[in-house]
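Colleague: Numbering (the UniProt record's numbering), first residue to last: 4 to 511.
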Ligand code: XMP
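1. Mind checking who residue 102 pairs with in its DSSP beta bridge?
2. Cα-Cα, which of 424, 182, 423, 58 is closest to residue 152?
3. Tell me, please, which residues DSSP counts as bridged to residue 46.
4. Considering only C-alpha positions, which residue in the set 23, 413, 484, 510 is nearest to residue 201?
5. Compare the C-alpha of residue 55 against each of 472, 12, 20, 429 and name the closest.
6. Start and end of the alpha helix (DSSP H) containing residue 584?
7. If you draw a straight line from the C-alpha of residue 294 to the C-alpha of residue 300, how long is it?
8. Should residue 390 be listed as close to the ligand XMP, given that the test is whether its C-beta is under 7 Å from any heavy atom?
9. Considering only residues of the same chain and omitting the five flanking positions on each side of residue 242, which have a CB-CB separation below 6 Å?
10. Sorted by chain position, which residues of the same chain lie with C-beta nearer than 6 Å to residue 161's C-beta, five sequence neighbours on each side aside?
11. Please list, in chain order, all residues of the same chain as residue 136 whose beta carbon is under 7 Å from its beta carbon, the five residues on each side excluded.
12. Would you report the Cα separation of residue 175 and residue 156, rounded to the nearest angstrom?
13. Whole angstroms are fine: how far does the CA of residue 305 sit from the CA of residue 345?
14. Could you check if residue 169 is buried or exposed, using at least 16 other CB atoms within 10 Å of its CB as the buried criterion?
15. Within the continuous beta strand (DSSP E) that includes residue 220, where are the two ends?
16. How long is the line joining the alpha carbons of residue 340 and residue 119, rounded to whole angstroms?
17. Comparing the C-beta of residue 159 with each C-beta of chain B, is any distance below 8 Å?
18. Starting from the C-beta of residue 165, find all residues in its chain whose C-beta is less than 6 Å away, skip the five residues before and the five after it, and write them out in chain order.
19. Taking residue 455 as the reference, which of 439, 505, 205 has the closest Cα?
20. Just how far apart, CA to CA, sit residue 327 and residue 360?
21. Is residue 543 near the ligand XMP - that is, is its Cβ less than 7 Å away from at least one heavy atom of it?
22. For the pair the stretch 243-259 and the stretch 280-292, tell me if three or more CB-CB distances fall below 8 Å.
23. Beta-carbon within less than 8 Å of residue 103's beta-carbon, same chain only, minus the 5 sequence neighbours each way: which residues are those?
24. Rounded to the nearest angstrom, what separates residue 227 and residue 220 at their Cα positions?
25. Tell whether a beta-carbon distance below 8 Å holds between residue 239 and residue 272.
26. Compute every distance between the C-beta of residue 396 and the non-hydrogen atoms of the ligand XMP, then say whether any falls below 7 Å.
27. What first and last residue would you give for the alpha helix (DSSP H) that runs through residue 178?
28. Once the 5 residues before and after residue 310 are set aside, which same chain residues still bring their CB inside 6 Å of it?
29. Starting from residue 29, follow its DSSP beta bridges and name the residues at the other end.
30. For residue 59, I'd like the list of residues in its chain whose CB is within less than 7 Å of its CB, leaving aside the five on either flank, ordered along the chain.
31. Excluding sequence positions up to five away, which residues of its chain have a Cβ less than 8 Å from the Cβ of residue 269?
32. Touch check for the stretch 372-392 and the stretch 487-502: three-plus C-beta pairs under 8 Å?
33. If residue 34 and residue 9 are in contact, beta carbons under 8 Å, what's the gap, nearest whole angstrom?
34. Closer than 6 Å by C-beta to residue 234: which residues in its own chain qualify, once you throw out the five before and the five after it? Chain order, please.
35. Is residue 321 near the ligand XMP, judged by its Cβ being under 7 Å from some heavy atom?
36. Going by DSSP in three states, residue 446 sits in which element: helix, strand or coil?
Following this line, the structure appears as structure tokens:
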């Protein structure tokens, strides 16, 4: 295992993903958190940071004591901090350095093994190391900074390296190789952390954790809950009791098709048709947050009623993934809630259940790999994200069963055509939105007065920021025709060309 000490850089998670891509397990912890060194821990990486090491309240760690036990690699701020604490100099650069630079190697070293001279690296910093501490050696420069890579000499401690650039980002073309070199040549990591080994180890751990108790779990038809449930089911079989609720705002035919998939996977899942209860509670509600609250609350009620029927339940299964649990180092104070996202995390304590979260340490792409390893069908694994409140936040204003049916039809045509035109996997998320607007149209000799549907498709990495997808005009013309010709009640289709920020992905 590798530990990544986070100093608040926006790229810290990318370091973790690069390490894991090399089939080495790693965890991110805040830089000030205590950790124990055991035989599984092979090295430490210090992340970048928005701070300057010369600031009075700059976050510091005791690198000198780390290298008594483990190899250390400092990245950007991590490298500057290393240089500074050993007596080197870090100064404000004349100009801030962002973007591409060419790495000029000064000597061969195991860290830069097989990395070509003039390799492109990505810079993002406003301080530079201007003088290395005594006993440190320069490994590389660039044309604009004197110190791009360095190491500490001597054999009295474990190896210590620093990189001024960001090897973890895509634009450092050989950055992954450098990280790989650190992991294998310097830390001696075995690259044996694979989806298959994860499945094997996790199933064993789940058996230990759960014993002969029962687990209840809410499933959503999404990747995370399905993969989590399949792992738990592999460990304890039918003592996993999954609950899948039709809240009336799922996609067309989704309830039936997802239940069929669960059945094929051998999962013990009960489907509950609660559509009418949801429609009743949603009636008259137009405010997006009010709609979210109704759905969240009713969902918990339905789930709890069902859970009560199962005896011997001690655990609640959840598909929580790593980005949701990484403790972030906050530099700008707590962030504001833009929208309240609902999940089963809101279950009252009175249920006295402990959590089972087999995906707690996985990134989304790793969840997908594990899912494929478990034999879960690809169309489920590569599904777009779908919000918990479902179509309720894609029908602007009040929700009625008729409007849901209308949107389900339009959405199904949209999704199907994206797949047929091989665009589905090129966008991160797509969906249709029913606008509370009617407009005039003409069909044959008839005047129509019907609803408008907005199509949304975005590219994104994590949903935090997103760009509208530049779908081909020909495709948009095609899907617009398909929807208007096939869905009675919709006579106009528009395409959303707003990015996030300042817009959001969903309209409510
Ligand atoms: P926004 O609209 O905030 O969406 O840009 C970002 C991502 O979050 C999803 N989303 C939700 N997911 N419950 C969820 O489970 C919610 O209330 C909710 N609201 C938005 C959205 O679909 C997108 O993937």
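Every residue gets a Cβ at the ideal spot worked out from N, C-alpha and C, and that includes glycine. Note that this is a predicted model, so its numbers are computed, not measured.
Modeller: Short version:
1. Answer is 126, bridged to residue 102.
2. 182
3. 5
4. The shortest C-alpha separation from residue 201 is found at 23.
5. Among 472, 12, 20, 429, the Cα nearest to that of residue 55 is on 12.
6. Nothing can be reported for residue 584, as the shown portion of the chain is limited to 4 through 511.
7. 10 Å
8. yes
9. The residues are 217.
10. The answer, listed in chain order, is 70, 73, 74.
11. Same-chain partners within the cutoff: 86, 89, 90, 91.
12. 26 Å
13. In this prediction, residue 345 scores a pLDDT of 39, lower than 50, which makes its location untrustworthy; no coordinate-derived value is stated.
14. buried
15. 217-222
16. With a pLDDT of 44 at residue 340, under the threshold of 50, the predicted position of this residue should be treated as unreliable, though the coordinate-derived value follows. Distance from the CA atom of residue 340 to the CA atom of residue 119, rounded to whole angstroms, is 45 Å.
17. As a matter of chain content, chain B is missing from the structure shown, which is built from one protein chain.
18. 77, 82, 85, 153.
19. When each option's Cα is compared against that of residue 455, the closest is 439.
20. 12 Å
21. This structure leaves residue 543 out entirely; the chain is present only between 4 and 511.
22. yes
23. 123, 124, 125, 126, 174
24. 12 Å
25. no
26. yes
27. Segment 178-184, the alpha helix (DSSP H) holding residue 178.
28. For residue 310, the CB contacts under 6 Å within the same chain, skipping 5 residues up- and downstream, are 219 in chain order.
29. DSSP, once it has assigned bridges, lists 5 as partnering residue 29.
30. none
31. 236
32. In this structure the stretch 372-392 does not touch the stretch 487-502; the number of beta carbon pairs closer than 8 Å is below three.
33. For residue 34 against residue 9, the beta-carbon gap comes to about 6 Å, under 8 Å, which counts as contact.
34. 205, 361
35. no
36. strand
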